[in-house]
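Contents: one structure, followed by commentary.
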Amino acid sequence: MSEPAHRPSPAPTSAEVPQWVNDLVPIAEYARALLRADAPALLVAVVVVLAIPQLVVHPAPWVAAVCVALGGFIALRHGGRARAAADASTGGTRAAAPRSASEGRPGAPRADAGAAAGGLRPGARTGALLAVLDLLLTATGLAALAGLTLAGADRALLVAAAGAATGLAAGIGASAVMELMGRRSNGAVAVVVVAVIAVVAYGFARLAPTWWWVLGLAIGADAAGLLALRAGVRNDRRAARPADDV
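When the sequence shown is numbered by the UniProt record's numbering, its final residue is 246 and no position is left out of the sequence of numbers.
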């Protein structure tokens with residue numbers, strides 16, 4: 001007897017795709033839009049941390065200051081509960097919006113900003129920003145490690161890790177403050193970031209970083225990240241209510 005021919009299984013429909021996969025697609029697109037927008041800033045930071053160890057005797061304060069400046073810049077540029085509204089009105093994160101929502105419906109009203117730009121779930125906007133901060137500060141830390149190693153600096157790994165952890169903690173902390181206080185806090189956060197850069201540079205110049213610093217900064221960044229996520233979820237749900245009531 002001949003064996004029955006194996007028929008190719010039909011392609012899965014949208015109804016068969018797990019919901020968590022559908023939820024990840026717009027988040028990934030939003031994060032990609034943020035990465036593309038911040039690529040020039042990352043390039044500048046990488047070039048600077050590569051060059052600093054070759055130019056100065058004590059590069060640790062400068063590396064940390066560059067990392068804090070990068071983290072603060074990203075938080076100020078994309079953080080805050082009003083950022084999604086600005087992105088929706090200016091198209092700054094148009095890549096994050098699902099194509100089905102932006103194509104085929106000319107003149108269709110866009111959802112209110114806080115709901116999560118591009119149809120993101122509540123809190124996904126903030127989560128994507130935190131992930132982007134982590135990725136960019138990690139890349140900057142690796143570049144700093146390369147520059148320190150090429151310059152023959154002492155404790156290159158520790159200095160690079162401490163600088164990246166400081167920048168990540170500063171960026172996530174600034175994002176948490178902006179989620180809690182709104183866009184009105186932008187000016188105050190910018191002043192605080194500048195002050196933190198000065199304090200970090202002074203602290204790294206006076207005190208040698210230790211791995212305990214890195215651990216403490218990592219724990220602080222995680223705590224601030226959880227706070228930012230909770231505030232982001234609340235803000236997104238609050239902003240989505242008017243659109244749902246229409």
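From the three backbone atoms N, C-alpha and C, an ideal C-beta is built for every residue, glycine too.
Query                                                                                                                                                                    : Result
Please report how far the alpha carbon of ALA75 lies from the alpha carbon of GLY141, in whole angstroms.                                                                : 18 Å
Which same chain residues end up closer than 7 Å to LEU136 when comparing Cβ atoms and leaving out the 5 residues on each side of it in sequence?                        : ASP38, LEU42, LEU70 and ILE74
As an exercise, report each continuous beta strand (DSSP E) stretch of at least 3 residues that is fully enclosed by the region 167 to 244, in chain order.              : none
What would DSSP say about HIS56, mapped onto helix, strand or coil?                                                                                                      : Inspection of the sequence shows that residue 56 is occupied by Val rather than by His. Of the three classes helix, strand and coil, the one that applies to VAL56 here is coil, per DSSP.
Report the rounded CA-to-CA distance for GLY147 versus TYR30, giving the unit in angstroms.                                                                              : 31 Å
Can you tell me the Cα-Cα spacing of VAL194 and LEU150, whole angstroms?                                                                                                 : 29 Å
In whole angstroms, what separates the C-alpha of GLY123 from that of ALA165?                                                                                            : 23 Å
Evaluate VAL233 with the Cβ neighbour count: other Cβ atoms within 10 Å of its Cβ, from every protein chain shown; 16 or more gives buried, anything less gives exposed. : buried
Which residues in the same chain as VAL200 place their Cβ atom closer than 7 Å to its Cβ, once the five residues preceding and following it in sequence are excluded?    : ALA64, ALA65, VAL68 and THR166
What separation, rounded to the nearest whole angstrom, lies between the Cα atoms of GLY220 and LEU50?                                                                   : 27 Å
Are the beta-carbon atoms of PRO209 and ALA33 separated by less than 8 Å?                                                                                                : no
Let me check understanding here. Comparing Cα to Cα, which of ASP134, LEU158 and ALA188 lies closest to LEU145?                                                          : LEU158
Is the beta carbon of ALA161 sitting closer than 8 Å to the one on VAL214?                                                                                               : yes
By how many angstroms is the C-alpha of GLY163 removed from the C-alpha of ASP154?                                                                                       : 14 Å
Flag this pair as yes or no: are the beta carbons of ASP236 and ARG77 separated by less than 8 Å?                                                                        : no
Please report the straight-line C-alpha distance between THR138 and LEU180, rounded to a whole angstrom.                                                                 : 26 Å
Is ALA28 helix, strand or coil when you go by DSSP?                                                                                                                      : helix
Alpha carbon to alpha carbon, what distance is there between ALA239 and LEU217?                                                                                          : 32 Å
Give the C-beta separation of HIS58 and ALA205 to the nearest angstrom, bearing in mind that I take them to be a contact with Cβ-Cβ under 8 Å.                           : 7 Å
Out of TRP212, ALA143 and ASP222, which one is the CA nearest neighbour of VAL46?                                                                                        : ALA143
Among ALA156, ARG230 and TRP62, which has the Cα closest to the Cα of TRP211?                                                                                            : ALA156
Thinking VAL177 and VAL189 are a contact (beta carbons under 8 Å), I'd like their distance in whole angstroms, please.                                                   : 6 Å
What's the gap between the Cα of ALA96 and the Cα of LEU35?                                                                                                              : Reliability of the predicted coordinates at ALA96 is poor, the pLDDT of 42 falling under 50, and no value is obtained from them.
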